[in-house]
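One structure below.
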Ligand code: NI
Ligand code: MN
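Residue numbers (my numbering): 106 to 329.
Okay, here's the thing in structure tokens:
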């Protein structure tokens with residue numbers, strides 16, 4: 106399985122199916138073709154190219170209704186629920202954040218913000234979405250045992266590095282990848298400090314991916 110980072114919160118997972126999460130690509134590059142899109146919430150820096158892609162799209166209920174009205178084949182989930190799509194198990198998790206759909210006029214409320222657990226080909230990936238730290242991340246560990254945790258570290262709109270360190274310890278994934286930082290000055294962070302802090306005090310590994318970088322994710326059994 107391969108995982109690519111397209112910058113900000115956009116992650117592309119290539120296994121037996123291709124899953125694209127939060128298709129906002131800061132560089133303006135065209136998103137890769139995919140089978141399934143997952144959107145964490147309605148903010149424009151996550152919704153991104155979801156409407157133009159028009160792929161099968163998983164989204165929180167209210168956002169799914171908006172997407173369906175735009176002609177996107179949307180599947181509504183709500184927090185705690187899951188769906189199986191072509192062998193990919195997708196579960197929606199809590200995120201402590203807001204959600205607003207910017208559209209003509211004032212826009213409108215996007216429902217709750219979420220994260221995702223993606224299970225495919227024996228690998229479990231947790232994309233936290235935009236969120237504050239919450240202690241029920243321990244339940245995410247107990248329920249799903251993620252192999253990879255994608256955690257925002259930008260601060261201001263989400264967790265910062267200190268909170269994300271605690272999040273990583275709650276989730277317990279052997280591989281942590283920071284997201285949602287350095288897209289703009291307001292969320293500037295040094296991911297190397299985050300990496301050193303985690304790798305010095307735990308046996309977790311932190312992979313810092315440059316936008317456009319692709320890495321192989323070993324089968325879950327390889328590091329358990
Ligand atoms: Ni947001
Ligand atoms: Mn965001």
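Even for Gly, the Cβ is constructed at its ideal location relative to N, Cα and C.
Apart from the five residues on each side of it in sequence, which residues of its chain come closer than 6 Å, Cβ to Cβ, to residue i?
i           : result
residue 131 : 112, 113 and 288
residue 328 : Confidence at residue 328 is low in this model, with a pLDDT of 49, below 50, so the placement of that residue should be treated as unreliable; the coordinate-derived value is given next. Taken in chain order, the residues that qualify are 279.
residue 166 : 181, 183 and 216
residue 119 : 107
residue 224 : 194
residue 243 : 275
residue 153 : 128 and 129
Please name the residue or residues paired with residue i in a DSSP beta bridge.
i           : result
residue 109 : 117 and 319
residue 221 : 197 and 232
residue 182 : 165
residue 190 : 193
residue 136 : Beta-bridge pairing links residue 136 to no other residue.
residue 257 : 284
residue 125 : 117 and 142
residue 213 : 206
Thinking residue i and residue j are a contact (beta carbons under 8 Å), I'd like their distance in whole angstroms, please.
i           : j           : result
residue 162 : residue 184 : Actually they do not touch by this definition, with Cβ atoms about 17 Å apart.
residue 145 : residue 220 : 6 Å
residue 267 : residue 191 : Actually they are not in contact, since the Cβ atoms of residue 267 and residue 191 sit about 39 Å apart, beyond 8 Å.
residue 292 : residue 260 : 6 Å
residue 352 : residue 232 : Past the boundaries of the shown model lies residue 352; the chain is included only from 106 to 329, so the question cannot be answered.
residue 318 : residue 110 : 6 Å
Within a Cβ cutoff of 7 Å, which residues of the same chain sit near residue i, ignoring the five residues on either side of it in sequence?
i           : result
residue 274 : 307
residue 207 : 149
residue 158 : 128, 136 and 142
residue 246 : 275, 276 and 277
residue 303 : 270, 273, 281, 309 and 311
residue 122 : 140, 141, 191, 192, 193 and 225
With a threshold of 7 Å, establish whether the CB of residue i neighbours any heavy atom of the ligand FAD.
i           : result
residue 232 : Absent from the structure shown: the ligand FAD. Ligands present: the ligand NI and the ligand MN.
If you drop the 5 nearest sequence neighbours on each side, which residues of the same chain put their C-beta closer than 8 Å to that of residue i?
i           : result
residue 239 : 199 and 201
residue 258 : 264, 265, 266, 269, 283, 284, 285, 286, 294, 296 and 299
residue 175 : 156
residue 235 : 114, 145, 146, 148, 151, 200, 202, 218, 257, 262, 263 and 285
Subject >> Residues passing the C-beta test against the ligand MN heavy atoms, cut-off 7 Å >> reply: 114, 148, 150, 151, 235, 262, 263 and 285
Original post:
Along the chain, which unbroken stretches of the beta strand (DSSP E) at least 3 residues long are found entirely within the segment 275-312?
Top reply: 280-284
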